Amino acid sequence: MNRKLLAAASVLIGLVSIGAQIASYVHTRQVVDYVSSGLWGGAFMIASATFILLEKPGKDRWIVTLTCLSLASGLIMMIIYSWNLNRFFRVYTTWEICEFYAPGLLIDPSMCKALVTLHGLMIALGFFAVLINSALLVLTCRKSVRKPQPKHSPESDPFAPSRLRSTLI
Numbered sequence: 001m002n003r004k005l006l007a008a009a010s011v012l013i014g015l016v017s018i019g020a021q022i023a024s025y026v027h028t029r030q031v032v033d034y035v036s037s038g039l040w041g042g043a044f045m046i047a048s049a050t051f052i053l054l055e056k057p058g059k060d061r062w063i064v065t066l067t068c069l070s071l072a073s074g075l076i077m078m079i080i081y082s083w084n085l086n087r088f089f090r091v092y093t094t095w096e097i098c099e100f101y102a103p104g105l106l107i108d109p110s111m112c113k114a115l116v117t118l119h120g121l122m123i124a125l126g127f128f129a130v131l132i133n134s135a136l137l138v139l140t141c142r143k144s145v146r147k148p149q150p151k152h153s154p155e156s157d158p159f160a161p162s163r164l165r166s167t168l169i
């Protein structure tokens, strides 16, 4: 797998994640939105992918750190939005009354549809963030372990016996 292709996909997922998090702020304003896992995760994904795309030597530690943070943010996105969707699933799917946290706070049923859609999108983005950043982490660690070794040839070694001379005397 090509690291640059995965990095470009990570940038795309990061941008969509930031956009979905902002849309979730605007439309629902729930407690899970204030965690901002989409914003942080998107920023980490874009930052780590930028280091990969620029190919700066010596930045592997930054790439590994930011990729681990992106992976953790993806897990947090999946967990927290799955938890919230599961917690209110019966309320969201009846489409009649949508009560959030304060009793008596009624919201238009179309808002519930938007909420379910945004939460589902955040879960999917978290899944793809975990998938892509896991692959980037493996490729980055494999790249740093496989550093090119200096080539050694018998011709360049002054102490190596000459192949032209016979060792038999």
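The opening residue of the sequence shown carries number 1 in UniProt numbering; numbering runs sequentially from there. Beta carbons are placed, not taken as given, at the ideal position from N, Cα and C, and that holds for glycine. Remember, predicted model here, so these are calculated numbers, not experimental data.
Counting the other Cβ atoms within 10 Å of the Cβ of tryptophan 62 gives fewer than 16, which makes it exposed. Inclusion of serine 24 and leucine 118 in the CB contact set at 9 Å is warranted, their separation being smaller than that value. According to the DSSP assignment, threonine 28 belongs to no alpha helix (DSSP H), since it is labelled neither H nor E.
Excluding residues up to 5 positions away in sequence, Met45, Ala49 and Ile132 lie with their Cβ nearer than 6 Å to the Cβ of serine 10 in the same chain. Annotated three-state conformation of serine 36 is coil, per DSSP.
Serine 134 has its alpha-carbon roughly 22 Å from the corresponding atom of glutamine 21. Per DSSP, reduced to three states, the secondary structure at asparagine 133 is helical. The closest CA to that of isoleucine 79, considering only Ala43, Leu5 and Ala124, is found on Ala124. Listed in chain order, the non-local C-beta contacts of histidine 27 below 6 Å within the same chain comprise Ala114, local neighbours out to five positions each way being set aside. Sequence-distant partners of glycine 126 (beyond 5 residues in either direction) whose C-beta falls short of 6 Å from its own C-beta, in its chain, are Gly74, Met77 and Met78. When the alpha-carbon of lysine 4 is set against those of Lys56, Leu85 and Leu71, the nearest one is in Lys56. Take the alpha-carbon of cysteine 68 and the one of valine 116: they are about 28 Å apart. If you check the CB distance, glycine 14 and glycine 41 come in under 9 Å. When the Cα atoms are used, alanine 7 and asparagine 84 turn out to be separated by approximately 30 Å.
The DSSP-derived three-state label of asparagine 2 is coil.
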